[in-house]
Each structure stands twice: as C-alpha cells, then as structure tokens.
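J.:
Chains as they are written, first to last, in the working numbering: chain A, 2 to 168; chain B, 15 to 278.
(1) Between residue 191/B and chain A, is the shortest Cβ-Cβ distance under 8 Å, so that the two count as touching?
(2) Got a sec? Which residues, its chain only, sit under 8 Å from residue 106/B by beta carbon, not counting five neighbours each side?
(3) Taking a contact to mean a Cβ-Cβ separation below 8 Å, would you say residue 260/B touches residue 248/B in this structure?
(4) Kindly say whether residue 18/B, judged by its beta-carbon, lies nearer than 8 Å to any beta-carbon of chain A.
(5) Please compile the residues from chain B whose C-beta is within a distance smaller than 7 Å of the C-beta of residue 31/A.
(6) My assumption, with CB atoms under 8 Å, is that residue 116/B sits in contact with residue 134/A. Please give the rounded CB distance.
(7) Under 8 Å between C-beta atoms, does residue 111/A make it to chain B?
(8) When the Cα atoms are used, what is the spatial distance from residue 192/B to residue 163/B?
(9) Looking at chain B, which residues of the stretch 32 to 52 of chain A have a Cβ within less than 8 Å of any of its Cβ atoms?
(10) Which residue's Cα is closest to the Cα of residue 195/B: 113/B, 81/B, 109/B, 16/B?
(11) Does the pairing of the stretch 141 to 156 of chain A with the stretch 95 to 103 of chain A give three or more beta-carbon distances under 8 Å?
(12) Note down the Cα distance separating residue 66/A from residue 160/A, rounded to an integer number of angstroms.
(13) For my contact list, residue 85/B and residue 205/B are in at a C-beta cut-off of 8 Å; report their separation, rounded to the angstrom.
(14) For residue 133/A, list the residues DSSP reports as bridge partners.
(15) Start and end of the alpha helix (DSSP H) containing residue 114/A?
(16) Quick check: residue 185/B and residue 262/B, are their CB atoms within less than 8 Å of each other?
(17) Please report the straight-line C-alpha distance between residue 33/A and residue 56/A, rounded to a whole angstrom.
(18) Contact defined as beta carbons within less than 8 Å: I believe residue 215/B pairs with residue 222/B. What is the distance between those atoms, to the nearest angstrom?
(19) Less than 8 Å between the CB atoms is what I'm expecting for residue 63/A and residue 58/B, so what's the real figure, rounded?
(20) Near residue 18/B, what residues of its chain come up, given a Cβ to Cβ distance below 7 Å and the 5 sequence neighbours on each side ignored?
(21) Check the Cβ of residue 62/A against every Cβ in chain B and list those closer than 7 Å, keeping chain order.
(22) Helix, strand or coil for residue 172/A? Go by DSSP, reduced to three states.
(23) Got a sec: is the Cβ-Cβ distance from residue 134/A to anything in chain B below 8 Å?
(24) Alpha carbons only, please: which of 74/B, 80/B, 79/B is nearest the one belonging to residue 90/B?
(25) Is residue 196/B helix, strand or coil when you go by DSSP?
(26) Under the three-state reduction of DSSP, which class applies to residue 170/A: helix, strand or coil?
(27) Mark residue 229/B as exposed unless 16 or more other C-beta atoms lie within 10 angstroms of its C-beta, in which case mark it buried.
(28) Mind checking residue 88/B: buried by the 16 CB within 10 Å criterion, or exposed?
(29) Note down, in chain order, each residue of its chain lying with its Cβ closer than 7 Å to the Cβ of residue 126/B, except the 5 sequence neighbours on either side.
(30) May I ask which residues mark the beginning and end of the beta strand (DSSP E) holding residue 72/A?
(31) Between the beta-carbon of residue 89/A and the beta-carbon of residue 50/A, is there less than 8 Å?
(32) Terminal residues of the continuous alpha helix (DSSP H) containing residue 157/B?
(33) Mind listing the chain A neighbours of residue 15/B? Cutoff is C-beta to C-beta under 7 Å, in chain order.
(34) By how many angstroms is the C-alpha of residue 105/A removed from the C-alpha of residue 138/A?
(35) Using only alpha-carbon positions, find the residue among 140/A, 113/A, 54/A that is nearest to residue 131/A.
(36) DSSP beta-bridge partners for residue 17/A?
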C-alpha cells in the first residue's frame, strides 16, 4: 500500500493509503481532523474545502496521494495556539453566519482564500460570486456575506476589530 | 472508486512511456471531471498518470503573434494572468466563469480540452480563435481536434502539451448557465483574428462546433445585428430535461449577440 507524507496544519504525517483514497478520507479517518465535513461527496457542496498551498480546494475531489508535497490547512489549523480565533472565524461568530454549522468549515476556508485573492477588498457581489462553490441550506447566505465583508476589513487592515453586528 | 496504480512522472517522455506501455492507464491533470467519474465507477483505469509534476506542461508565454498556454495551467491562472488579460482578455474572462473557485484552483486548460465535454468552455474558444493544439508528437488545428462528444484526435498514449492561440484583434464570450449544474446550456465565443472571424459554439450540441453562417455574417459586418439575423438550426443539437434542441438553437443566436457585444 502506498505511503504518503502530508503536511497538515504545519505538522507532517506519514500514513498508509490506497491510491484511490481521497484527501478528505485521510483527514477525517486517519488524522481525525473531523472539522472538514463531507456533504455531497460529488464536488458540489463545498463542506470539505481545505487549503492546498493557500488555494481552496474540495478535499473530496483530490486524492490524498496528489496532495503530497503541499502545505495543507484545515479548519483546525486556523485558530492560534492560545485559542484566539482567526478573524474569519471570529466574524462568523460575531455575525451569526451559521445555523446548523455543517457548511461552516468549508465556508470559512473558501472565504479566507477569497479575501486573500482580493487584496484591494471585495464588493458584496464579489463575495456572493466567490461563494458559488459552497452551499448553505440554513442561512440564506446574508449573514455569511456580512461576516466575510467584516473579516476582510480586519484581515486587510481597514478595521482594527469587528464592528458590532448588533444592529 | 476502483483502485489503481498511481504514477507521477517528471517529464512528458516518461508520462507517454507509461501510457504507451499500459493501454488501460489514463492521465490525470486537475481531476475535476475524472475523479467524480471514477467515484461513479464510470471508468476503470488500471493506472493514473498524474501530470502535475511535469514542469514542461506549465507556463504561459508569447510566441510571435500567439499566446501559448501550457496544458497544466489552471483555470485560475488563465483568469488572472497579466499576459492573457492583455492579449486575449475574453479568454481570461471566460476562464473566470468555469465551475467555481475550487474547480478553477485545480482544473486545467489541457484537461478541459482533452476531455472535450460538450458543455466545456475552452473548446469554443479554441475553435473561434483558430488555436493549435500542441502534443508530444504533433500540432493539431482545433478544427481537426474536436471529433465528438468526449472524443478528440488524441491517441490513447498522446499527451496535450500546450495550446497556441493566435492573438485576435477582438474577442468575446457569452454563455447561459444551467441554474443548477452551472454548465453551459449554450455558449458562443466570437473572435476577429489574424485568420479571419471565428465563431465557436459549446453546450448546444454533442460537440463544440463552428457556426459558419455567423462567421460569414460577422466577416461582412462585425455587429450585433449581423449575428442577430442568423438562425441556428436545431438539427443535431442536444435535447434533454434542461431544454429542447429548439430552445438551445435560439440560445445560440442570443449568446452570439451577447458575445459580439462583449467583444466590443
């Protein structure tokens, strides 16, 4: 059985896989990083989004063996060691950008890639289009869009901290 | 998914040698179509030959009056590359509408062209721009490359290395997406290039094709009105739960008008 060495959230793991083993299966079943969810398993819902070298990808549509040699970041790798949330996580909490929470890890990972690829900032339309690969069946997306806009301001230095969402 | 042997060659020559030695081996680029197909057990390759480790398949360069894009260049790169945006902005805009962000971060131009999905965007652009498909052993004009649904002129062990697009004076693209799948119901790429006017249609038929009457009309007068007067025949167009052949035929004219407007 092939062995792969995967760098996940800054830690190197060597695991045995089959060639056909998906990245999301290794993350969840071998490394027990169950924050990465499997929603549809058909590349559509985005619940399994992780970062490969900073790019958001659907972990259900990449073989684990293909991810060898890349830096993988999952939802578990975002918060600081002392538990301080990433600004995107904090914004999702502050703006109540979730209800059941199933899509949230993928939403957060996609949102961070989206913000990082738009250093000049994002319009509401760009945020909505940027979430095309992530499906949420609870929220109607409005609070997710608000959270991403607020987090973008923090991540890109236009705001020192999140403005109050209580309005 | 059935299991398979995995190879990751470092050169085109090594990849071709593996494919030549094993007729049931298949190359994989971004895998955005192949992996979902394998999950459904629609295909059972004995081996996958991962092309992501081959440096000679990457990169975007200008070559005379053409823009040459490596087969393993991702949709996201085409959409955001400064050379593409300067030379053929319509191609960059088109690439920015393929799939979703996560597909564009993995999927490649070579994979899309070699797969030849009827609804894929790049085949229409390749036809309209009179692209040349460069393989490990020959150069194939776009007109000779796309043979039918999911079928191209590539031999089983032949690899697409790059695609060369003559830089046009102007080009534009428009498509109507299925609201659920987001695949093109019909798309039209128009270009006024060094070899004349090209009009490529995707999504509407079983294989992308050139619309000769629209090309003649735009050659006579480049305007929205020119293509508006051309009616696409529904014969041999796709008809399914998403739309009839007649609906798609009408869409071809509507998308052609929008594509000409997009080209300016």
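Just so you know, even glycine gets a beta-carbon here, dropped at the ideal spot from N, CA and C. Model, not experiment: these values are computed from the prediction.
T.: On the basis of the supplied data:
(1) False, the Cβ-Cβ gap to chain A never drops below 8 Å.
(2) 92, 93, 94, 95, 98, 99
(3) yes
(4) For residue 18/B, the answer is yes, since a Cβ of chain A falls inside 8 Å of its Cβ.
(5) Ordered by position in chain B, no residue passes the 7 Å Cβ test against residue 31/A, which lies about 17 Å from the chain.
(6) The C-beta distance from residue 116/B to residue 134/A rounds to 5 Å, short enough to meet the 8 Å contact threshold.
(7) yes
(8) 19 Å
(9) 42, 43, 44, 47, 50
(10) For the residues 113/B, 81/B, 109/B, 16/B, the minimum Cα distance to residue 195/B belongs to 113/B.
(11) yes
(12) 40 Å
(13) No, residue 85/B and residue 205/B are not in contact; Cβ-Cβ is about 21 Å, not under 8 Å.
(14) Per DSSP, none; premise fails for residue 133/A.
(15) Note, residue 114/A: alpha helix (DSSP H), 105 to 117.
(16) no
(17) Their Cα atoms are separated by approximately 22 Å.
(18) 6 Å
(19) Distance from residue 63/A to residue 58/B at the Cβ level is roughly 20 Å; contact not present, criterion being Cβ atoms closer than 8 Å.
(20) So the list reads 59, 60, 61, 62, once near-sequence residues are dropped.
(21) 45, 46, 49, 50
(22) Nothing can be reported for residue 172/A, as the shown portion of chain A is limited to 2 through 168.
(23) With 8 Å as the cut-off, residue 134/A counts as an interface residue toward chain B.
(24) 74/B
(25) coil
(26) Past the edges of chain A, shown from 2 to 168, lies residue 170/A, and the structure says nothing about it.
(27) Residue 229/B should be labelled buried.
(28) buried
(29) 134, 136
(30) Where residue 72/A is concerned, the enclosing beta strand (DSSP E) starts and stops at 72 to 74.
(31) no
(32) 156 to 159
(33) 21
(34) Note on geometry: alpha-carbon atoms of residue 138/A and residue 105/A lie some 11 Å from one another.
(35) 113/A
(36) Paired residue(s): 4/A.
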